[in-house]
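To start, the structure itself, in structure tokens.
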Ligand code: AMP
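In the working numbering, the protein residues as written are 681 to 1233.
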């Protein structure tokens, strides 16, 4: 047997967040983090100052008794302190657990308990939302309030700036990190059942951050100013904070000011070149800019949109009316999240490419897999589907920043097929490897970037005495990307209305889950094994053949 000959490179150099942290000082120490602390007040620090504060924060974590592997929660907007936590927590060997502030109370309680968070860092503006839950968060020893606002009834509350003051200035002796160690944790509710924890490693974050700089991907560079609107509690804000640190790009963070007016003001005053957010925010901003001719968005030469399908018209209108380029990315919490990116070639052999219909057809797709991401399409019979631009199958992906299992869900095999992640997204891929998503196999609806469980809505509806059957499907929506449409079979000769059903749901689900439309049908189509056949309902909806549709008044 021949013996393996090892390469003589520094194969043991660990790909860890330490390197990204060191880049804060080494790359462009003068780069700035600008946080919109009030609708018209921006606070600024440099990367060098941030690195100093990260060292202090690392010492604070030690004082709080945080040890290797401990989970430390954050309940925060996109701002300077959250950015500091992004580095200090993983670099002391603990796990940054970003809590989605928009989840329901029961989901948050479940997640904090499942992760066993020891400490939660909370923005003062979010204390009222968290204090209600605190009595049910048994694993949490301390809450650390960020900002000058009240700590409310949070037990064992400490204050961020006081702790930073107490530990004083000076460096920190960081532990060595094995690149396989967990660095961050983010739960997704985009599955059925309880939310699932995606546990990112130092290695996956390092490689995904590097990928933010691929020119055929987000294309982040040292010359960029990055406005991260996508929440830092959602899949590491698409890698933008780490990517900006690694590249030496300036960072702009909107905190809680996510309305079109403050965002337009921030874009006008800071002049970001790159911005990442979901289509809903881009369309609000477009409407605002159209109504206020003084708004100037033209600094955004390289914006990224994703989280839901990005309407072609939205990208086109931005380009034609505001000279803003928005490129589409696809991915999910489980894929760190960026897996494909759509950046069509701008030149042909004959010269610059015209932005004609064919070009826009391509721009409307989800794009090509990034280097290191491998993708295949699998049909219902488990066979691989050809890349012919027409045949569809479920997207499965593998690669160094793709999840291989959920946290503490050993037996979960449904989402993973060997080394492949089953995404639940149905797509066709053309011969140039461009992915086009057409449907979702999963029973979930994505509204304004957040998940609505159709199963839960169905259960609540079927708990109504007059409802015989209920199947909830996603209806395309210009503003929210998708909204729930409830197909309901009522008991014979009852006069329950759509409004009655909404009143029934109101105390049972989050406000933004409440449907705006029902379809009262004679029966719900079923599959051969008697399950609701939502594919049939979806195609009836698409063909305009879904009977009995009424809007909620
Ligand atoms: P999340 O884990 O919450 O980030 O959601 C991931 C899901 O969002 C994917 O599985 C898709 O269903 C959907 N998604 C993300 N980006 C896109 C996109 N560009 N086009 C269509 N759907 C998308």
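Glycine residues also receive a C-beta, built at the ideal position from the N, C-alpha and C atoms.
Please read these numbers as outputs of a predicted model, since none were measured by experiment.
Put residue i into one of helix, strand or coil per three-state DSSP.
i	result
residue 758	strand
residue 776	strand
residue 1143	coil
residue 1193	helix
residue 1149	strand
residue 970	helix
residue 826	strand
residue 801	strand
residue 947	helix
residue 887	helix
residue 1083	coil
residue 861	coil
residue 1155	strand
residue 963	helix
residue 1025	coil
residue 791	helix
residue 820	coil
residue 1013	helix
residue 1003	coil
residue 1113	coil
residue 812	coil
Report buried or exposed for residue i, applying the criterion of at least 16 other Cβ atoms within 10 angstroms of its Cβ.
i	result
residue 981	exposed
residue 1043	buried
residue 1091	exposed
residue 1304	The structure shown has nothing for residue 1304, since the chain only spans 681 to 1233.
residue 624	Given that the chain is displayed from residue 681 to residue 1233, the structure contains no residue 624 and the question cannot be resolved.
residue 1074	buried
residue 1010	buried
residue 1222	exposed
residue 1151	buried
residue 1021	buried
residue 973	exposed
residue 708	buried
residue 1230	exposed
residue 1133	buried
residue 1198	buried
residue 1069	exposed
residue 921	buried
residue 758	buried
residue 1047	buried
residue 1066	exposed
residue 836	exposed
residue 829	exposed
Compare the C-beta of residue i with all C-beta atoms of chain C and state if any pair is closer than 8 angstroms.
i	result
residue 849	In summary, chain C is missing from the structure at hand, where a single protein chain is found.
Checklist entry - At a cut of 8 angstroms, does the segment 1032-1042 reach the segment 1001-1021 through at least three beta carbon pairs? => result no
Next on the checklist: Across the segment 682-696 and the segment 910-917, are there enough close Cβ pairs to call them in contact, namely three or more that are closer than 8 angstroms?
Outcome noted: No, the segment 682-696 is not in contact with the segment 910-917.
Checklist entry - For the segment 922-938 against the segment 1044-1056, are there 3 or more C-beta pairs whose distance is under 8 angstroms? => result no
Item to check | Complete alpha helix (DSSP H) runs within the segment 1037-1064 (minimum length 4 residues, chain order) | outcome: Listed in chain order, the complete alpha helix (DSSP H) runs (minimum 4 residues) inside the segment 1037-1064 are 1037-1043.
Checklist entry - Can you find at least 3 beta carbon pairs, one from the segment 862-869 and one from the segment 840-849, that sit closer than 8 angstroms? => result These segments do not touch.
Checklist entry - Pick out every residue whose C-beta is nearer than 7 angstroms to a heavy atom of the ligand AMP: which are they, in chain order? => result 868, 870, 914, 915, 986, 987, 988, 989, 990, 1008, 1009, 1010, 1011, 1012, 1013, 1014, 1017, 1046, 1103, 1104, 1105, 1117, 1120, 1126 and 1131
Item to check | Those runs of the beta strand (DSSP E) which lie wholly inside the segment 684-768 and span at least 3 residues | outcome: Counting only runs that start and end inside the segment 684-768, the beta strand (DSSP E) elements of at least 3 residues fall at 712-718, 721-726 and 751-755.
Next on the checklist: Counting beta carbon pairs with one atom in the segment 732-739 and one in the segment 806-822, are three or more of them shorter than 8 angstroms?
Outcome noted: no
Checklist entry - Pairing CB atoms from the segment 1200-1220 with CB atoms from the segment 1167-1177, are three or more of them under 8 angstroms? => result yes
Checklist entry - Counting Cβ pairs, one atom from each stretch, are 3 or more of them under 8 angstroms apart for the segment 932-950 and the segment 709-729? => result With the cut-off at 8 angstroms, the segment 932-950 and the segment 709-729 touch.
Checklist entry - So does the segment 1060-1079 actually touch the segment 1101-1111, counting three or more Cβ pairs closer than 8 angstroms? => result yes
Item to check | Stretch pair the segment 871-884 + the segment 897-904: three plus CB contacts closer than 8 angstroms | outcome: no
Checklist entry - How about the segment 740-755 and the segment 776-796: do they share at least three Cβ pairs that are nearer than 8 angstroms? => result yes
Next on the checklist: Check whether the segment 785-799 and the segment 816-828 touch, using three or more Cβ-Cβ pairs below 8 angstroms as the test.
Outcome noted: Yes, they touch.
Next on the checklist: Suppose only complete runs of 3+ residues qualify. What are the beta strand (DSSP E) ranges in the segment 873-944, listed by chain order?
Outcome noted: 876-881, 905-908 and 930-933
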